[in-house]
Amino acid sequence: MRFVHFFLGLVSNERRLEVWHSVDNGPATRRATLAYHPTSARRGVNRLESVEEVVLSPGTAGESALYRVSLRTRGENGITLNATVPLCLLETAKRRDQFTLHLDSNGNPWHLDYLVAATECKNADILGPLRNLIGPLSNRIPNFLDLKDAVTKFKSQVLISKPIEGARPKLQELVDTPDGKPIAEQSFFQKYWFYIIPILILVGMSSAAEEPAKGGGAKR
1 MRFVHFFLGL VSNERRLEVW HSVDNGPATR RATLAYHPTS ARRGVNRLES
51 VEEVVLSPGT AGESALYRVS LRTRGENGIT LNATVPLCLL ETAKRRDQFT
101 LHLDSNGNPW HLDYLVAATE CKNADILGPL RNLIGPLSNR IPNFLDLKDA
151 VTKFKSQVLI SKPIEGARPK LQELVDTPDG KPIAEQSFFQ KYWFYIIPIL
201 ILVGMSSAAE EPAKGGGAKR
């Protein structure tokens, strides 16, 4: 029963964003739905739900092609968060990518960091020198970045970044006075008299007890 309540709580608090992608200035196609929970501390509840068939923009991409990804919120006041990486990096990373969604204090997204598991392009076009030699016939050589009707499989990770609340100052409550004036600052004795008076009494009692003992010693 507790698991059911926990699951219902997660579902009710879940928020969803549409993920779209494209290559260069080609038409964007829907890639997935990003589901996240702004209040949950569990990383596993934030995920990317891919559509049945993920298709990149048709056409052949060159070495300088850019892969564009965007997150879109629904509604009239919806926002779009964009990110771009070189397409060859995505291919070098074997389409392993990471979405980091930054949230404000209300759990609303305001920034997207998109990373792939590669820092430099490798084998962007291993047949590039051969293409330059044969000239017009180079179009007959396939390019591994040929994305026409390509169905792609991604391995994605979703992270959530939330603002951290710092320590709040402790404010002293204002005390109303009959005349409306602020209370005057107390002196040291006024603040700590209940400590000072008992100490003075103990000192006085110990002094009184020592005087008879000194007098008895003088008679001898």
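Using UniProt numbering, the first residue of the sequence shown is number 1, and each one after it goes up by one. Heads up, the beta-carbon is just placed ideally off N, CA and C, and yes, glycines get one too. Since we're looking at a predicted model, the values are computed, not measured.
| Query | Result |
| --- | --- |
| Residue environment, residue 194, which counts as buried when at least 16 other CB atoms sit within 10 Å | exposed |
| Rounded distance between the beta-carbons of residue 34 and residue 71, thought under 8 Å | 6 Å |
| Opposing strand residues paired with residue 97 [DSSP bridges] | 116, 156 |
| For residue 90, the first and last residue of its enclosing beta strand (DSSP E) | Element bounds for residue 90: not the beta strand (DSSP E) but the alpha helix (DSSP H), 87 to 92. |
| Within the stretch 10 to 56, ranges of the beta strand (DSSP E) (whole runs, at least 3 residues) | 15 to 23, 29 to 36, 47 to 50 |
| Spatial neighbours of residue 209 in its chain, beta-carbon cut-off 6 Å, leaving aside the 5 residues before and after | none |
| First and last residue of the uninterrupted beta strand (DSSP E) at residue 171 | Where residue 171 is concerned, there is no enclosing beta strand (DSSP E), given that its DSSP letter is neither H nor E. |
| The stretch 84 to 97 / the stretch 107 to 122 touching (three or more Cβ pairs under 8 Å) | yes |
| Of the residues 98, 77, 40, the one placed nearest residue 83, counting alpha carbons only | 98 |
| Rounded straight-line distance, which links the Cα of residue 102 to that of residue 111 | 5 Å |
| Residue 226 - DSSP class collapsed to helix/strand/coil | A query on residue 226 cannot be resolved here, the shown segment of the chain reaching from 1 to 220 and no further. |
| Alpha-carbon spacing of residue 165 relative to residue 43, whole angstroms | 20 Å |
| Nearest candidate by alpha-carbon position, reference residue 65, set 23, 106, 157 | 23 |
| Presumed contact (8 Å Cβ cut-off) between residue 107 and residue 38, rounded CB distance | 3 Å |
| Alpha carbon of residue 31 to alpha carbon of residue 48, nearest angstrom | 9 Å |
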